[in-house]
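J.:
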Amino acid sequence: MFESLSDRLSGVLDKLTKRGALSESDVSEAMREVRRALIEADVALPVVRSFTDKVKNRAVGQEVLKSVTPGQQVVKIVHDQLVEMLGSDAKPIDLDAPAPVCIMMVGLQGSGKTTTTGKIARRLTERDRRKVLMASLDTRRPAAQEQLKVLGEQNGVDTLPIIAGQTPVQIANRAMTAAKLGGYDVVMLDTAGRIHIDEPLMVEMAEVRKASNPHEILLVADALTGQDAVNLATAFDERVGITGIVLTRMDGDGRGGAALSMRAVTGKPVKLIGTGEKADALEEFHPSRIADRILGMGDIVSLVEKAAQEFDADKAAKMAAKMKKGSFDLEDLAEQLKQMEKLGGMSGIMGMMPGVGKIKKQLDAANLDDKVVKRQVAIIQSMTPAERRRPELMKASRKKRVARGSGVDVADVNKLLKMHRQMADMMKQMGKGKGLFGKLMGGM
Ligand code: GDP
């Protein structure tokens, strides 16, 4: 998602931090570039305007421009303002109501509503230990109810038995009754979608709402549709009332405008983001982490959370300790490469690591796909254990041997060693830092 915006903003801000003193016109010039970058990212114009005005007002303040590090301070102001624009605090799904708590899912057809319903139900079941009942209210598309049932079976979540011929309101009523009788904590209603918003859909949503009295009404919107998603949220909110938004397809190469403007335009929080087709490709929307990601500071907290879901705790703790000590060796790299697939591939991981934007570009340029990852693991496996722990032992003759052993060129071996060096250096730096990463590691 935010790649090109991230590149642009990091570029502008890098320039600012490299200079000693800043004048008001330096800041104005930088803000013009920030403005252009946000507009290109498809952020709603009023949001862009308000953003740059606020940053400029704070940045040209006496204490900033006269400070020892004006550039860094401007970066901090941009960061803070981004966080504010994104909604400040994370707003998780609210289940604080008498059981069964009803979550009504609304949105257009194809937005990912059913998939997201399944993802949320799975998470509430597995992570939060809630007893969840899902029901499809989509009586229009014959396969819709069946689709949800299959999702439920795949993810170990109960679905309301299908009874042909019932109206959405009847199904909603039946779901609420079944949930009360069955001792469920949460009921998820997957409502029908349409290609476009139309009057009958809005009427149906209002009726379902009345019948089920949902505690959360989540609009599922496709992030790739940019400002259309924002307009959709506004329309749904006016007619049905929504409590939050789930943006899907955040794994796509959209420009990010929907995620960036949603909160500021609609006043409703983005609660979750969908990051893939798989049942666990769902993340909480943390404004500060997203801002970190956009400004090239990475998102180490999300990365570690994701890793924690995949790694066992022992491995994760060991890895954290190694990262902290800066003793990240080739064994660890091999381990990471192997886990990479699970964590959403190389670009998924690298995109979340602080300061990796530039390295990631090199990796992309090196065409680092899964085949390459396999080859890299093979290279590491061809080394002796001592070499894996101390890569500096790899002299020319050994590199040749290892290259032959793993069926690659010496250049590939060199590339791998270089990548490892860069990652290890970066981790060492992060380990020393008292920033987000330092805090995080302290807490682990
Ligand atoms: P619905 O009509 O709104 O219920 O949409 P579906 O849940 O059937 O999803 C439509 C398609 O989008 C399916 O192929 C999903 O796998 C896909 N999809 C849903 N969420 C995401 C996401 O976050 N990322 C990606 N890449 N695909 C998604």
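Going by UniProt numbering, the residue at position 202 of the sequence shown is 202; the numbering climbs one at a time, nothing skipped. Don't be surprised by glycine CBs; every beta carbon is placed ideally from N, CA and C. None of these values were measured; they are calculated from a predicted model.
1) Distance, Cα to Cα, L22 vs P70?
2) In angstroms, rounded to a whole number, what distance separates the CA positions of L9 and L337?
3) Measuring from the CB of V220, is there a heavy atom of the ligand NAP at a distance below 7 Å?
4) Please state the DSSP three-state secondary structure of E216.
5) Name the residue from S111, L333, I171, T177 whose alpha carbon lies nearest to the alpha carbon of A229.
6) Report yes or no: do three or more beta-carbon pairs, one from the region 283-295 and one from the region 86-98, lie closer than 8 Å?
7) Kindly indicate which three-state DSSP category G274 falls into: helix, strand or coil?
8) Could you check whether the Cβ of L45 sits closer than 8 Å to any Cβ belonging to chain D?
9) Once the 5 residues before and after K18 are set aside, which same chain residues still bring their CB inside 8 Å of it?
10) Give the straight-line distance between the Cα atoms of T234 and D222, rounded to the nearest whole angstrom.
11) Reducing DSSP to helix, strand and coil, say where L133 ends up.
12) Cβ atoms of R239 and M202: under 8 Å apart, would you say?
13) Measuring only the C-alpha atoms, how far is G438 from S261?
14) So, helix, strand or coil for L224, using DSSP?
15) Can you look up D128 in the DSSP assignment and give me helix, strand or coil?
16) In the DSSP assignment, the alpha helix (DSSP H) including T177 goes from what residue to what residue?
17) Nearer than 7 Å: is that true of the beta carbon of S111 relative to any heavy atom of the ligand GDP?
18) Inspect the beta-carbon positions of L16 and G256 and report whether they are closer than 8 Å.
19) Taking 7 Å as the cut-off, does the CB of M250 come closer than this to any heavy atom belonging to the ligand GDP?
20) From the DSSP output, in three-state form, read off L282 for me.
21) If you measure from the CB of G267, is any heavy atom of the ligand GDP nearer than 7 Å?
22) Based on the DSSP output, what are the partners of L189 in its beta bridges?
23) Is the number of C-beta pairs between the region 124-140 and the region 262-269 that are closer than 8 Å three or more?
24) Of all the options D26, V34, E29, V106, which has the alpha carbon lying nearest to the alpha carbon of D7?
25) Can you tell me whether I245 is helix, strand or coil according to DSSP?
26) Using alpha carbons as the reference points, say which of F236, K119, N173 lies closest to P200.
27) Let me make sure I understand the geometry here. Which of K400, E153, A291, D251 has the alpha-carbon closest to that of Q81?
28) Kindly examine the ligand GDP and report whether one of its heavy atoms sits closer than 7 Å to the Cβ of A258.
29) Assuming R388 and D329 form a contact by the criterion Cβ under 8 Å, report the distance between their Cβ atoms to the nearest whole angstrom.
30) For the candidate residues A258, G241, D253, whose alpha-carbon lies nearest to that of S247?
31) On the DSSP bridge list, what partners appear for T159?
32) On the CB-based measure, 16 or more other CB atoms within 10 Å of its CB, does S406 come out buried or exposed?
33) Determine the burial state of D158: buried for a count of at least 16 other Cβ atoms within 10 Å of its Cβ, exposed for fewer.
34) Let me know the secondary structure DSSP gives V408 once reduced to three states.
35) Would you decide whether Q145 is buried or exposed? Buried here means 16 or more other CB atoms lie within 10 Å of its CB.
36) Quick check: is any heavy atom of the ligand GDP less than 7 Å from the C-beta of A281?
T.: Walking through what the data contain:
1) Those two C-alpha atoms are separated by around 6 Å.
2) 30 Å
3) Inclusion of the ligand NAP in the displayed structure is not the case, the ligand content consisting of the ligand GDP alone.
4) The answer is strand: DSSP assigns E216 an E or B state.
5) S111
6) yes
7) strand
8) Although the question refers to chain D, the structure presented lacks it and comprises just one protein chain.
9) G71
10) 14 Å
11) strand
12) yes
13) Summary for G438: the model assigns pLDDT 42, below 50, so the residue's position carries little reliability; its value from the coordinates is reported in the next sentence. C-alpha separation (whole angstroms): 31 Å.
14) Correct three-state label for L224: helix.
15) coil
16) 168-182 is the extent of the alpha helix (DSSP H) around T177.
17) Yes, Cβ of S111 sits closer than 7 Å to a heavy atom of the ligand GDP.
18) no
19) yes
20) strand
21) no
22) M104, A135
23) no
24) V34
25) strand
26) F236
27) A291
28) no
29) About 6 Å separates the two Cβ atoms, so the contact holds.
30) Just to set this straight, residue 247 is Leu in the shown sequence, not Ser. Of the listed residues, the one whose Cα sits closest to L247 is A258.
31) M134
32) buried
33) buried
34) coil
35) Its Cβ being crowded by 16 or more others within 10 Å, Q145 is buried.
36) yes
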